Amino acid sequence: MINVGYNLCLPAKYGRDIQTVGLDTCIGVVAYGLPSTQGGVNKVMAHASTGGVDEIIGQRFIAEVQKSRMTIHGICMSCPSPDRNNNGPDKLSDDDIRRTLAEEYGLHPSQVTPARIQQFRDGLVRMLQGANNRAAEYCVQYFGVNPTVRIRENRHVRDPPPYGTLVASASPGGEVRAEGHRMASIPNGTATAAPAAAAASSSRDSAPKRAPAAPSSSSKKPASASNSKKPPPVSSSAKKPPPASSSSSRHKSSSSRGH
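Under our numbering, the residues of the sequence shown are numbered -2 to 256, in order.
Spelled out as structure tokens, the structure:
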């Protein structure tokens, strides 16, 4: 089993299993398909923090998939619910947020108004939703593939694995599973030819399409596309989410950590 750690991206050959665990507020993504006759890689997986989407998925994942020269049959993503920090067993309390804002801005807790607390909550939702959307948009823009997305349920955030786990098993007979739920079958065999140049051109020239905000079922996938477009430059400084309170250290609300 190949294990993909926090903010990492790794390939896996036809006969190998690959997984990432402890996603929590992070995004797990895997591209799968038919391996080229050279190299034998048919799966590439990444584990990206909220603040690391542009670098880990927007650059490293794209580059690794291109390097593999596999024929893509699909991409699956496991994403946090945008209201991860506002609902469920790990919901942040108003007092948690009040202390966080007071420390960050040098205020007395009594100076933190209910309106500012709500603004903070809204910001957490936008941060997670924005990360989910950008990750999906990279897949559409650079590979012409609308990913199948599973949104993790807040009520399970304290559950043991397979919660927060994305797995792509060895072929033949490989599957992609998120939180133990089957998302896709990985095709058997080896690609006999490189992806069509026309598909590559279409992917390169098309504008990014915005993915659904929070899909939980399979999205329609276009035909396999060539991995020819170069990834964008690394973001010099990924936007860091606001800090969480000390009382919520087990699951940091706005951190980019996935553990």
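C-beta: ideal position from N, C-alpha, C; glycine also.
Here the structure is a predicted model, which is why all the values come from computation and not from measurement.
Could you tell me whether the Cβ atoms of residue i and residue j are closer together than 7 Å?
i    : j     : result
R13  : I(-1) : yes
M67  : V38   : yes
P158 : V1    : no
P86  : L125  : no
Rounding to the nearest angstrom, what Cα-Cα distance links residue i and residue j in this structure?
i    : j    : result
L5   : V164 : 15 Å
V142 : T187 : 20 Å
P184 : Y102 : 53 Å
T21  : E176 : Rather than Thr, the amino acid found at residue 21 in this sequence is Asp. Going by the C-alpha atoms only, they are around 11 Å apart.
L98  : Q116 : 11 Å
R95  : I114 : 7 Å
Q138 : H105 : 46 Å
D156 : A132 : 25 Å
A112 : D93  : 15 Å
K88  : P77  : 14 Å
R174 : A181 : 7 Å
M42  : K10  : 12 Å
A128 : E172 : 25 Å
T162 : I15  : 11 Å
R57  : G49  : 11 Å
K40  : S166 : 9 Å
G30  : V154 : 30 Å
R55  : R81  : In the sequence as presented, Arg is not what sits at residue 55; that position holds Gly. The straight-line gap from Cα to Cα measures roughly 23 Å.
Y160 : R147 : 12 Å
A220 : H44  : Unreliable positioning characterises A220 in this predicted model, as indicated by a pLDDT of 37, which lies under 50. A coordinate reading is not provided.
F140 : E100 : 43 Å
R207 : G71  : With a pLDDT of 43 at R207, under the threshold of 50, the predicted position of this residue should be treated as unreliable, though the coordinate-derived value follows. R207 and G71: Cα-Cα distance of roughly 17 Å.
Using the beta-carbon count (16 or more within 10 Å), is residue i buried or exposed?
i    : result
S90  : exposed
K64  : exposed
D119 : exposed
E61  : buried
E52  : buried
S107 : exposed
R179 : exposed
P8   : buried
Q35  : exposed
S200 : Because S200 sits at a pLDDT of 43, beneath the cut-off of 50, its placement in the model cannot be relied upon, and the following sentence gives the value as read from the coordinates. When all chains shown are included, S200 counts as buried.
A196 : Note that A196 scores 40 on pLDDT, short of 50, meaning its location in the model is unreliable and no value can be drawn from it.
Quick one: measure Cβ to Cβ for residue i and residue j, integer angstroms, because I've assumed they're closer than 8 Å.
i    : j    : result
N83  : V122 : 7 Å
S75  : R149 : 6 Å
C73  : P144 : 6 Å
S258 : Y3   : In the structure as shown, the chain begins at -2 and stops at 256. Residue 258 is therefore absent and cannot be evaluated.
Y135 : I59  : 7 Å
Determine whether the Cβ of residue i lies closer than 7 Å to any Cβ atom of chain D.
i   : result
A99 : Within the model displayed, chain D is absent; a lone protein chain is all it includes.
Do residue i and the ligand MN come close, with the Cβ less than 6 Å from some heavy atom?
i    : result
Y135 : Questions concerning the ligand MN fall outside what the structure shown contains, since it holds no ligand whatsoever.
Segments of 3+ residues assigned as beta strand (DSSP E) that fall wholly inside the segment 158 to 191: Note on the segment 158 to 191: whole beta strand (DSSP E) runs with a minimum of 3 residues are 163 to 165, 172 to 175, 178 to 182, in chain order.
Length-filtered (4 minimum) alpha helix (DSSP H) runs lying within the segment 59 to 112: The DSSP assignment places 59 to 65, 91 to 102 as complete runs of the alpha helix (DSSP H) inside the segment 59 to 112, in order along the chain (cut-off: 4 residues).
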